[in-house]
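Engineer: Before I ask anything, let me first share the structure, which is written out below as C-alpha cells.
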Amino acid sequence: IEEHPNEEPKYHCQHGPRECQLNILHGCILKKLPPKKAFSVVACLMKNFRTSFEQCMEGHESFQSSVVNCSQGQQGAKLFKEFANETDNVHRPLPFVPTIVADEPYDYYDQNDWLQHFDRKFRERFEAKFVIQL
Numbered sequence: 037i038e039e040h041p042n043e044e045p046k047y048h049c050q051h052g053p054r055e056c057q058l059n060i061l062h063g064c065i066l067k068k069l070p071p072k073k074a075f076s077v078v079a080c081l082m083k084n085f086r087t088s089f090e091q092c093m094e095g096h097e098s099f100q101s102s103v104v105n106c107s108q109g110q111q112g113a114k115l116f117k118e119f120a121n122e123t124d125n126v127h128r129p130l131p132f133v134p135t136i137v138a139d140e141p142y143d144y145y146d147q148n149d150w151l152q153h154f155d156r157k158f159r160e161r162f163e164a165k166f167v168i169q170l
C-alpha cells in the first residue's frame, strides 16, 4: 500500500488490480456475513478467479448490497489495509505464495500440509477458535 497525504492510497497486489479488488471484496464478505455464510462465499470466489460475485452470493442475496457498498467505500479500503498489515507482520516479504498462517507463528515447513488439506485444517482451526460449526 502506498499512502501519500491528500491522496487515495494505491494498492499493489501480486496478480494486479483485480486481485486487490477481490481481496477488498473478501474482507467485506468476512465483515458483513455470518461466519458460515462468509466461509462458503469466499471459498466459492477462491475456486476460480473468474467466478462471479453474484454466482457465489446465490442464497445470500440479502447481504449483497451491504458487501458491495463496503467494497466500494472507505470501509473496504480500511479492511484491505488491516489485512495487508497482518500479512506484513507474518513475514516481509513473504517467502512463498500462497502463505497460510492460522493464528500462530509462521512455519514455512507447515505450508505444504495447509495447501494439501486447507479445507480440513481451516475448519478445525476456525471451529476451535470461534466454537462455531462450519
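Going by my numbering, the first residue of the sequence shown is number 37, and it counts up by one from there. Glycine included, C-beta positions come from ideal geometry on N, C-alpha and C. Just so you know, these numbers come straight off a predicted model, no measurement behind them.
1) Is the number of C-beta pairs between the segment 45-56 and the segment 102-109 that are closer than 8 Å three or more?
2) For Lys67, which residues in the same chain have their Cβ closer than 8 Å to its Cβ, ignoring the five residues on either side in sequence?
3) Any idea which residues DSSP pairs Glu38 with across the strands?
4) What separation, rounded to the nearest whole angstrom, lies between the Cα atoms of Leu58 and Cys64?
5) Less than 6 Å between C-beta atoms, sequence neighbours within five positions excluded: which residues of the same chain meet that for Ile136?
6) DSSP state of Arg86, grouped into three classes?
Structural biologist: In this structure, then:
1) Flag = no, the segment 45-56 and the segment 102-109 do not touch.
2) Closer than 8 Å at the Cβ level, and outside the excluded window around Lys67, lie Cys106, Gln111 and Leu115.
3) Lys46
4) 10 Å
5) Trp150
6) coil
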